[in-house]
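Trainee: Next up is a structure, given as structure tokens.
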Amino acid sequence: MSQPQSTSPVLELRNISKRYGGALALTDVEFDLLPGEVHGLVGENGAGKSTMMKLLAGVFDDYTGELILRGEPVRFASPADAQAQGIGMVYQELSTFQHLTVAENLFSRQPPTKGGILQWRQMNREAQSLLQELGLDIDVTSRMGELSVGSQQLVEIARVIFSGATIIILDEPTSALSTPETRRLFEFIARLKAQGKTLIFISHFLEDVLEVTDRITVLKNSHKVATLPTSQADKHTLVELMIGSDAKILQQMYEAEESVASHVSHETGKPMLTVTNLSQGSAFANVDFTLHAGEILGIFGFMGAGQIQLARCLFGAEQPSSGSLALDAAPLKLANTSAARNVGIAYVPENRRDSLMLTQEIFKNITLAHLGKLAPGLLRQRREVEIAQTQIAAVGVRPPRPMLNAGALSGGNQQKVVLAKWLTQQPKVLILNEPTRGMDVGAKDEVLSIVQDLRTQGVAILLITTEPETIVQIANRSLVMRRGQITAELTGAELTKENLMRNA
Amino acid sequence: MNEVASKSTAAARSSAQIRMDSLRNLLKVSEFVIFIVVIVLLIGGALINPRIMGVENLKIITRDTAILAIAAIGVAFPIITAGIDLSIGSIVGLGGVLSAFFIMNWGMPIFPSILLALLVGVVIGWIHGLFVTRLNMHGFLITLVTLGVARGGILVITNGIPITGLPDEYTYLGQGYLFGLIPIPVILCVVVAIFAHYLLRYTYIGRQIYAVGGNIEATRLSGVNINARVVLCYVISVVCASLVGVIQAGRLSLGHPATGEGFELLAITACILGGLSLMGGQGTVPGILVGSALIGVLQNLMVMLNINPYWHKIVIGLVLLAAITFDYSRRKQN
């Protein structure tokens, strides 16, 4: 892509810092956006991308430093204020009205009326000509919900432009798109650029960023580490910049761990869960792997790579469209979650709201999964509390009080309760979905050491996460998933953070 | 509630304060408050009309309360799963008419005819459960359909004419007394209540039913067969309502096509008064009994105090409004 004329920046960040509680989400960030460019913004989870996006969108105003828009210092009072000054946001989760027509969506803020009567014909005409100007061939009278996600996104971008935005921020725009849809988006972006619009392209998908942007800014741990022309960047340099110098430190840190891991991998037991050619609609396709007893197998991928749906299929919470499963060499068919539980599969959801009854006592949460086995006759609370107490001690829930409501615990301790729930009967297979998301380092280590103990006891563990460190730290080997496909299998010395990110 | 108390930091509290606290905590238990209201209503009513506390009237109150409580306990099951069963008014009519029809038109013996009527209830409840679990339909919709269809079915079966001439053994179910004192419906209600109480409180199935209402996704992802639990709840609801239909037919000595009209309102109101939440996940059988008693006493008082019958439904409706308002405002505070 050609370099834009270097003129004065349309938007500048000077020395911006933003705190959430005690933690810095942005530290002294400098950033400039040239008119008519497509500017990529990359970084790991938690690097500060979304904080920066919210800053530009006027979501908060308690930051230090200066925001300069078209040469004038500004401070947005609200998202509406940012919008009024020409900054448009297109979020990853599209906020469209599914039941209204494309035209109604485009005019949702100020539809044309005459004496209070909606002017349908005028609205449709104007909407159609607007889309034509932008080079989009979409029928404005069709309902939004009938369009593909890709088309809805294009309409949403058009709406943002229509409401006056000249700077458009796209948050993970390609994560839900198929390849042809991504192509269509890129063509659209090129057209917008030709019309003088400026875009910020935030994405995990480095290939996409490399293809569509003019310049790229890399964030790491709340700092800006570099802004470079895309022509001088490749995937390798970007990953290096994103992980940065601590890649080496991490390497050293985990070298000891690694040798342990490879040692354990020699001792892994028989094949426990075999997944053959498993597919589900557009979520994932042709997934093949074997999980052994006494092994931790990682699955790394960015959000939306299909790993959640895969995990749910392995627990009977969703049905695959084709493919087969085998447990302990016997064919396995999972009609529902209780079928999975009955054969010894345990599941820890990615979302703690879906894993606990927060308004109920801890002991009830712990006994719930295997209650039929623990108490086949009449329930006796004392017995239940005893069982819970044993598990609470085993996983180290603090405070160790089974009568407390689960909602009163910290995130890490809630996660220990979720694990405890599955340990009242030894599982054969344990599926962990983002087991350490949002936890502090101490809680993380505690949860991971429980998981490692279970490996020692011979449980086959599938560790699904978007945090590469977690996999490098404890997995024996790892698969990488991208857009519903397994793209790599890494073991031994190849199992590094860099390789995980590169294949995702 | 203990947690709330222990959170209040006051380290040294006088014993008087603690007594106040425990009284306040007791008053937070809505079942207890309702129980007090029932007693106050009875005493207050008796001051105006002493016959209200007479043995004959108390027999009527307990019988009517028992009949309502059986239906309320039934409908409580779907409510605990965060669903609802609106069909029970028509099911009450259907249960009575069907059993009467089997006896009078098919010449079936009494006991099998009642069993067959209850079995029809099992099938209807099972169908409700299938729609709710397989199509993810809200119970409100499919049971609303049955509310209409079952009432129509009653009219088809009876041609709109009551089925009369039921044998004495049958009417005994609704009219009889044990030792000349305890109405038979009260005995039936006690049996149903004990069964429901044990199921909900002391079996893993009951715990899982509460869990479905508390957090359905967490329960599913704990490997609980939530579909089976939900279907069971809808079956229990319709079977209880069918049983009420049989009792009502016995009480009236006939299978009347209009029996049970509006009964769903009474039963659901009794549940809400008894501490159930329409969001599911909570409520107890003793609470439902107390809630039913309040409605039973209210209806009786309105008759005994000669309040114009046209006003009865308004009063019951307003009581429901009060209970729901209380439920929602309490939730908002939390």
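Chains A and B supply the protein sequences, listed in that same order. Heads up: the first sequence runs through residues 1 to 504, numbered per my numbering. Heads up: the second sequence runs through residues 1001 to 1334, numbered per my numbering. Virtual Cβ for every residue (Gly too), placed ideally from N, Cα, C. It should be emphasised that the depicted structure is a prediction, and the values quoted were computed from it without experimental measurement.
#1: Which residues in chain A sit within 7 Å of residue 1204 of chain B, going by Cβ to Cβ distance?
#2: Quick one: give me the first and last residue of the beta strand (DSSP E) that residue 272 of chain A is part of.
#3: If the cut is a Cβ gap below 7 Å, which residues of chain A does residue 1217 of chain B touch?
#4: Is residue 343 of chain A closer than 8 Å to residue 368 of chain A when the C-beta atoms are compared?
#5: Could you tell me which of B:1049, B:1042 and B:1092 sits nearest to residue 1070 of chain B, measuring between CA atoms?
#6: Counting only Cβ pairs nearer than 7 Å, list the residues of chain A close to residue 1214 of chain B.
#7: Within the 8 Å Cβ cut-off, does residue 127 of chain A reach chain B?
#8: Does residue 1225 of chain B have its Cβ less than 8 Å from a Cβ in chain A?
#9: Select from B:1301, B:1315, B:1320 and B:1129 the residue whose C-alpha is nearest the C-alpha of residue 1267 of chain B.
#10: If I measure Cβ to Cβ from residue 1051 of chain B and keep anything under 8 Å in the same chain, skipping five residues before and after, which residues do I get?
#11: Nearest-angstrom Cα distance between residue 243 of chain A and residue 447 of chain A?
#12: If you measure beta-carbon to beta-carbon, which residues of the region 417-437 of chain A are closer than 7 Å to chain B?
#13: Alpha carbons only, please: which of A:469, A:20 and A:148 is nearest the one belonging to residue 45 of chain A?
#14: Go through its chain and collect everything with a Cβ distance to residue 1206 of chain B's Cβ below 7 Å, but skip five positions before and after it.
#15: Would you kindly report the start and end of the unbroken beta strand (DSSP E) that includes residue 326 of chain A?
#16: In terms of residues, what are the limits of the beta strand (DSSP E) holding residue 62 of chain A?
#17: For residue 1185 of chain B, does the count of other Cβ atoms within 10 angstroms reach 16, so buried, or fall short, so exposed?
#18: Could you tell me the distance, in whole angstroms, from the CA atom of residue 1080 of chain B to the CA atom of residue 1182 of chain B?
#19: Using the rule of at least 16 other Cβ atoms within 10 Å of the residue's Cβ for burial, across every protein chain shown, is residue 1087 of chain B buried or exposed?
#20: Which residue or residues does DSSP assign as beta-bridge partners of residue 478 of chain A?
#21: Assuming residue 1041 of chain B and residue 1298 of chain B form a contact by the criterion Cβ under 8 Å, report the distance between their Cβ atoms to the nearest whole angstrom.
#22: Residue 283 of chain A CB to nearest chain B CB: under 8 Å?
#23: Would you kindly check if the distance between the Cβ of residue 309 of chain A and the Cβ of residue 284 of chain A is under 8 Å?
#24: Could you give the distance in angstroms between the alpha-carbon of residue 91 of chain A and the alpha-carbon of residue 173 of chain A?
#25: Whole angstroms are fine: how far does the CA of residue 1295 of chain B sit from the CA of residue 1329 of chain B?
#26: Below 8 Å on the Cβ atoms is my guess for residue 1237 of chain B versus residue 1085 of chain B; work out the distance and round it to an integer in Å.
#27: Closer than 6 Å by C-beta to residue 499 of chain A: which residues in its own chain qualify, once you throw out the five before and the five after it? Chain order, please.
#28: Starting from residue 1064 of chain B, follow the alpha helix (DSSP H) in both directions and report where the run begins and ends.
#29: Rounding to the nearest angstrom, what Cα-Cα distance links residue 151 of chain A and residue 485 of chain A in this structure?
#30: Flag residue 1211 of chain B as yes if its beta-carbon sits less than 8 Å from any beta-carbon of chain A, otherwise no.
#31: Drop a sphere of 10 angstroms on the beta-carbon of residue 1331 of chain B, count the other beta-carbons inside from all chains shown, and report buried for 16 or more, exposed for fewer.
#32: Going by beta-carbon coordinates alone, are residue 165 of chain A and residue 88 of chain A separated by less than 8 Å?
#33: Is there a Cβ from chain A that is less than 8 Å from the Cβ of residue 1108 of chain B?
#34: Between the C-alpha atoms of residue 1068 of chain B and residue 1244 of chain B, what's the straight-line distance to the nearest angstrom?
#35: Quick one: which chain A residues come within Cβ less than 8 Å of residue 1221 of chain B?
#36: In angstroms with no decimal places, state the Cα-to-Cα distance between residue 1188 of chain B and residue 1066 of chain B.
Mentor: Considering the structure as presented:
#1: 371, 372, 375 and 379
#2: Unbroken beta strand (DSSP E) run through residue 272 of chain A: 271-280.
#3: 354
#4: no
#5: B:1092
#6: 357, 359 and 360
#7: no
#8: Closer than 8 Å: yes.
#9: B:1320
#10: So the qualifying residues of the chain are 1057 and 1304.
#11: 24 Å
#12: Within the region 417-437 of chain A, the residues whose Cβ lies closer than 7 Å to some Cβ of chain B are 421, listed in chain order.
#13: A:469
#14: 1199 and 1200
#15: 322-327
#16: Per DSSP, residue 62 of chain A belongs to no beta strand (DSSP E) and is neither H nor E.
#17: buried
#18: 30 Å
#19: buried
#20: A:298 and A:490
#21: Indeed, because the Cβ distance is near 7 Å, the residues count as touching under 8 Å.
#22: no
#23: yes
#24: 8 Å
#25: 22 Å
#26: 4 Å
#27: 490
#28: 1055-1080 is the span of the alpha helix (DSSP H), which, as asked, contains residue 1064 of chain B.
#29: 23 Å
#30: yes
#31: exposed
#32: In this structure, the beta-carbon distance from residue 165 of chain A to residue 88 of chain A falls below 8 Å.
#33: Answer no: the Cβ-Cβ gap between residue 1108 of chain B and chain A never drops below 8 Å.
#34: 8 Å
#35: Residues of chain A whose Cβ lies closer than 8 Å to the Cβ of residue 1221 of chain B are, in chain order, 315, 317, 337, 347, 349, 354 and 355.
#36: 8 Å
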